[in-house]
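Some notes on the structure that comes next.
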Amino acid sequence: MELEKKYDPSKVEKKVYQKWEQAEVFKPKGGKGKKSFSIAIPPPNITGSLHLGHALNNTAQDILIRFHRMKGDETIWIPGTDHAGIATQNVVEKDLRKNGKSRFDLGRENFEKRVWQWKDEYGGKILDQLKKMGCSVDWSRLAFTMDENYIKAVRQTFAHYYKKGWIYQGERVVNWCPRCASSLSDLEVESKEKAGKLYFVKYFFKNQKSKIKNQNGISKIKNAESISVATTRPETMLGDSAVAVNPQDARYKNLVGRKLILPLAGREIEIIANSEVQMPFGTGAVKITPAHSFSDFEIGQRHNLAKIKVIDKDGKMFGDIPKKYQGLDRFQARKEIVKDLRSQGFLEKVEDYEIILPLCSRCDSVVEPILSQQWFLKMDCLKKPALEAIKSGKIKFYPVRYKKICYDWLEKAYDWCISRQLWWGHRLPVWQTKSKIKNQKSKILDLKIENCDKNIYVGLTPPPGEGWTQSEDVLDTWFSSALWTFVTLGWQRPGDKNKDLEKFHPTSVLSTARDIIFLWVGRMIFSSLELTGEIPFRKVYIHPIVLSEKGQRMSKSLGTGIDPLDLIQTYGADAVRFGLMYQNMGGQDLRFSESHIVASRNFCNKLWNIARFIGINLETSKIKNQKSKTHIKIQKEGTKNDKEILRKLAEIEKQVAKDIDGFRFGKATHLLYDFVWRDLADNYLGQAREQMQVEKTKESTQAILLFTLIKILKILHPFMPFITEEIWSKLYDEGLVDEEILAIS
RNA sequence: GCGCGUAUAGCUCAGGGGUAGAGCGCUACGUUGACAUCGUAGAGGCCCUUGGUUCAAAUCCAAGUACGCGCACCA
27 MELEKKYDPS KVEKKVYQKW EQAEVFKPKG GKGKKSFSIA IPPPNITGSL HLGHALNNTA
87 QDILIRFHRM KGDETIWIPG TDHAGIATQN VVEKDLRKNG KSRFDLGREN FEKRVWQWKD
147 EYGGKILDQL KKMGCSVDWS RLAFTMDENY IKAVRQTFAH YYKKGWIYQG ERVVNWCPRC
207 ASSLSDLEVE SKEKAGKLYF VKYFFKNQKS KIKNQNGISK IKNAESISVA TTRPETMLGD
267 SAVAVNPQDA RYKNLVGRKL ILPLAGREIE IIANSEVQMP FGTGAVKITP AHSFSDFEIG
327 QRHNLAKIKV IDKDGKMFGD IPKKYQGLDR FQARKEIVKD LRSQGFLEKV EDYEIILPLC
387 SRCDSVVEPI LSQQWFLKMD CLKKPALEAI KSGKIKFYPV RYKKICYDWL EKAYDWCISR
447 QLWWGHRLPV WQTKSKIKNQ KSKILDLKIE NCDKNIYVGL TPPPGEGWTQ SEDVLDTWFS
507 SALWTFVTLG WQRPGDKNKD LEKFHPTSVL STARDIIFLW VGRMIFSSLE LTGEIPFRKV
567 YIHPIVLSEK GQRMSKSLGT GIDPLDLIQT YGADAVRFGL MYQNMGGQDL RFSESHIVAS
627 RNFCNKLWNI ARFIGINLET SKIKNQKSKT HIKIQKEGTK NDKEILRKLA EIEKQVAKDI
687 DGFRFGKATH LLYDFVWRDL ADNYLGQARE QMQVEKTKES TQAILLFTLI KILKILHPFM
747 PFITEEIWSK LYDEGLVDEE ILAIS
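Residue numbers for the first sequence, in the numbering used here: 27 to 771.
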């Protein structure tokens, strides 16, 4: 067997991948008594290209898949991409802006077309990257969260919830991003601390009204009877409908019920008692703005206060407010209002204060709590079985600490705002009509439920008849990705592919990063349990997040990102895979160091040269004619060295299998590295050289060398599939192994 | 504020109750040897701090410090 002196991945990888594809080795192979093993890939967003985190995650999954496939399990790994509503919309808008255009210039329909173009381009790139990584996914089952059947499944799900009465429409305060012009879920909001101010504003009692109105100077109203409130957001005061104090607060006890005149606006508001007010904070009196604050909304509900909107969806002041503030940007308005409060004597003092700014996780704009009409999904009934599945251990977490994190979130999750005011995504399957419905009980054919209610129709297809308009809103992107494991396996899809669902669901493993435990993992669990009656996966593997060597987040804009494709080009896919796993020791983060990729590249070459050494020293003609090529009589005849290497080899095989099973990829690669380099190359190869000089031990040593090579290729294959397959093919060409393709041997 | 994670060589990290380990980097030497993507030799460590357990602690326990992450409506 002749091998070139150096292993050159660029000559091998493409060829090998094509060979696998042609032989259809990635498709599940059934058989009697076969266990099934399945993974649905966390579908990458179509926003751009894959980063090192994806490379790590996909390598981990490919190791699992290849390991089980070689074990003889019926194995499937489903690839796909996520339409990623708000994220994708934003990148496409950004792209448009380069040409000075906005989505409004295109209009909704053309904008959607544009995003589909984007999807074709970038979705394709992402899939190509999976190939370059060597991922053994079943391409015949490629999925996208906006495939035709996926759309149908999403609508079916919406209708299902709606029928159960778990979806409702309501006017609530939601996180609103003025730039994205959409509502956001809590999980899409990031909090950042920032230096700000705390403004102390005097609200005067009603009987002082005339005095205030005639007021020009500060001195005159100084003695007027007033109550002081502290706020970080004075611009919202125009929407105040009360001032709240703690009923326990001796300072204000007697003032409850008194009327105040709202500064600048001149409206009358009341002092109310609320036990949630923290007495030590500020002045102990807090202004209540039900339309622009989550907590104030709650208080407002309880006290039946007016919800006065003063900030519009574009972030500008509007509504029933003094003319001079109309149309002002919210931050400009704050300046103006503070100025006016000061000049009119309402501003008592200003203190420095660290405020927590809510920011849009997609575009970094300051999020505005705004009262608006949205759709919600009730969590009460959905979360119970999910909690049970986690608690009971039906779903296991690796590392185990994430179990509690997921459980705690789910336990206190409240109703999920599922509507978004975007153009890209699954439009709500809700139609409304202004005209009176003649036949209130008109049956809905495709759902067979009576879902006409308040002129609302919910169904898979538009309702019969004229005058219906579909909701402009789209669903939160996680509403659809929550269905990923079972929709990709054919849930609600007619035809014979539904066998997949039976065979492969629940999936075996979900491998993902910790930052989407809430967004995705939790929601998959309750969605799957409700819709299929099954858990979506048995094990959840949470892999470390890949940081730069300095500990920063990998990010293109920071210049800290590393393109896995560049690494693959330099070092080869196997080296990138092995190097990433070598660093994956199970911590919550991983500081990526290229030195380990270098080491892995060298390791590949080491392996190559071990094979070369063995190839040179084998008398292939002899072995070829043996019935079983790896059959060797080592037990009795072996030297001390032989026994030692074979014992270690057996140990490694066992240990690596255990480690893969327990998601200890780092440990497995360390073991393999040390065995191959130290025990095999450094020690045994030298010993073997000597043993082969002696006629008595020559033949058995050759047999052991071949046996060890074959074994180690198999053990290493899930980690470094290309080089092992290439060496294997050389062995096959020489007639040293029976099976043609290592990946399924 | 609450919770979680991490702390070992210049860097990235293993290990683990009893002489401190790897890769990368660095220094010196070495190509007839499967491999210079290699080999041999070497420099380089209060194993975060303080207590506790122990014959013995880098390791186990507790507290502290630093850094990172997550959650939380304190206006």
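Backbone N, C-alpha and C fix where the C-beta goes; we use that ideal spot for every residue, glycine too.
| said: One question on the structure: do S531 and E556 come within less than 8 Å of each other, judged by their Cβ atoms? | reply: In the sequence under discussion, the amino acid at residue 531 is His, which differs from the Ser named in the question. Contact: no.
| field | Length-filtered (3 minimum) beta strand (DSSP E) runs lying within the stretch 37-72 | value | Runs of beta strand (DSSP E) with 3 or more residues, each lying fully within the stretch 37-72, are found at 62-66, listed in chain order.
| field | Minimum length 4: unbroken alpha helix (DSSP H) runs contained in the stretch 519-575 | value | Every alpha helix (DSSP H) of 4 residues or more that sits fully in the stretch 519-575 is shown, in chain order, as 525-530, 549-558.
| Close Cβ partners of E744 (< 6 Å) along its chain, the five nearest in sequence each way excluded | The sequence as given places Pro at residue 744; Glu does not occur at that position. Taken in chain order, the residues that qualify are I89, R92, F93.
| R617, enclosing alpha helix (DSSP H) - first and last residue | DSSP places R617 outside any alpha helix (DSSP H); the residue lies instead in the beta strand (DSSP E), whose first and last residues are 615-617.
| request: For the stretch 45-52 and the stretch 560-573, state whether three or more C-beta atom pairs, one from each stretch, are separated by less than 8 Å. | output: Touching, no.
| query | Got a sec? Which residues, its chain only, sit under 6 Å from S445 by beta carbon, not counting five neighbours each side? | reply | In the same chain as S445, and ignoring 5 residues on each side of it, the C-beta atoms closer than 6 Å to its own belong to Q400, W401, D499, in chain order.
| request: Indicate the three-state DSSP secondary structure (helix, strand or coil) for A179 in the structure shown. | output: The three-state reading of DSSP puts A179 in helix, counting H, G and I together.
| request: Leaving out five residues on either side along the sequence, give the residues of the same chain with a beta carbon under 7 Å from the beta carbon of Y758. | output: Scanning its chain for C-beta atoms nearer than 7 Å, with the 5 sequence neighbours on each side dropped, one finds around Y758 the residues E766, in chain order.
| What number of angstroms, rounded off, separates the C-alpha of G59 from the C-alpha of D687? | Between G59 and D687, the C-alpha separation is close to 20 Å.
| task | In the DSSP assignment, find the unbroken alpha helix (DSSP H) run with Q578 in it and report its ends. | result | Membership of Q578 in any alpha helix (DSSP H) is not indicated, and neither H nor E is assigned to it by DSSP.
| query | Cβ of T258 within 8 Å of Cβ of Y379? | reply | Contact flag set, yes.
| field | Assigned exposure category for P70 - 16 Cβ within 10 Å defines buried | value | Per the 10 Å Cβ criterion, buried.
| task | Note the first and the last residue of the continuous beta strand (DSSP E) segment covering N201. | result | Taken as a continuous stretch (DSSP letters only), the beta strand (DSSP E) holding N201 covers 193-203.
| task | Between the Cα of P747 and those of R95, T533, S301, spot the shortest distance and give me the residue it belongs to. | result | When only C-alpha atoms are compared, the closest one is R95.
| Residues in its own chain within less than 6 Å of C161 by CB, not counting five upstream and five downstream? | For C161, same chain residues with a beta-carbon under 6 Å away, outside a window of 5 residues either side, are N84, D88 in chain order.
| field | 6 Å Cβ shell around V117 - same chain, five flanking residues per side excluded | value | The residues are T73.
| query | Are the beta-carbon atoms of A601 and R627 separated by less than 8 Å? | reply | Yes. Within cutoff.
| field | Where P306 falls, given that 16 or more other Cβ within 10 Å makes a residue buried | value | Taking all protein chains in view, the Cβ of P306 is surrounded by fewer than 16 other Cβ atoms within 10 Å, so the residue is classified as exposed.
| message | Across the stretch 494-510 and the stretch 103-119, are there enough close Cβ pairs to call them in contact, namely three or more that are closer than 8 Å? | response | These segments touch.
| Just to confirm, are I640 and L731 a CB contact at a threshold of 8 Å? | Contact flag set, yes.
| task | Consult DSSP for A276 and reduce its assignment to one of helix, strand or coil. | result | Note: A276 maps to coil in three-state DSSP.
| request: For V163, count neighbouring C-beta atoms within 10 Å of its own C-beta (all shown protein chains included) and say buried if the count is 16 or more, exposed if not. | output: Looking at its Cβ environment, which holds 16 or more other Cβ atoms inside 10 Å, V163 is buried.
| task | Grab me the residues of S208's own chain with a C-beta within less than 8 Å of its C-beta, minus the 5 sequence neighbours each way, in chain order. | result | Excluding positions up to five away in sequence, the list reads I112, W202, R446, Q447, L448.
| Would Q859 be called buried (16 or more neighbouring beta carbons within 10 Å of its own) or exposed? | Nothing can be reported for residue 859: it is not among the residues displayed for the chain, which extend from 27 to 771.
| query | Do you know whose CA, among V271, I337, L281, D346, lies nearest I325's CA? | reply | Checked all of V271, I337, L281, D346; the closest Cα to I325 is V271.
| field | Cβ pair count under 8 Å reaching 3, the stretch 619-633 against the stretch 694-704 | value | Taking 8 Å as the limit for Cβ pairs, the verdict is that the stretch 694-704 does touch the stretch 619-633.
| Euclidean distance between Cα positions of S166 and V42 | Roughly 19 Å separates the two Cα atoms.
| message | Less than 7 Å between C-beta atoms, sequence neighbours within five positions excluded: which residues of the same chain meet that for D526? | response | In its chain, beyond the 5 residues on either side, L515, G516 have a beta carbon closer than 7 Å to the beta carbon of D526.
| field | V227 beta carbon less than 8 Å from that of M172 | value | Their beta carbons are not under 8 Å apart, which means M172 does not touch V227 by this criterion.
| task | Return the residue from the list R134, L397, S771, R564 that minimises the CA-CA distance to G419. | result | Comparing Cα-Cα distances from G419 to each of R134, L397, S771, R564, the minimum goes to R564.
| Which value, in whole angstroms, describes the spacing of the CA atoms of L473 and Y187? | Because L473 carries a pLDDT of 45, less than 50, the predicted location of this residue cannot be relied on, and the following value inherits that uncertainty. One C-alpha to the other measures close to 12 Å.
| query | How should A37 be labelled, buried or exposed, when 16 other C-beta atoms within 10 angstroms of its C-beta is the threshold for buried? | reply | Per the sequence shown, residue 37 should be read as Lys rather than Ala. By the neighbour-count rule (16 or more Cβ atoms within 10 Å), K37 is not buried but exposed.
| said: Which residues does DSSP list as the beta-bridge partners of D266? | reply: Partner(s): none; D266 has no beta bridge.
| request: Hey, could you find the ends of the alpha helix (DSSP H) F701 is sitting in? | output: Careful: F701 lies outside any alpha helix (DSSP H) and carries neither H nor E.
| If we ignore side chains and look at the alpha-carbon of each, how far apart do N240 and R205 end up? | Reliability fails at N240, whose pLDDT of 42 lies under 50, so the model's placement of it is uncertain and no value is given.
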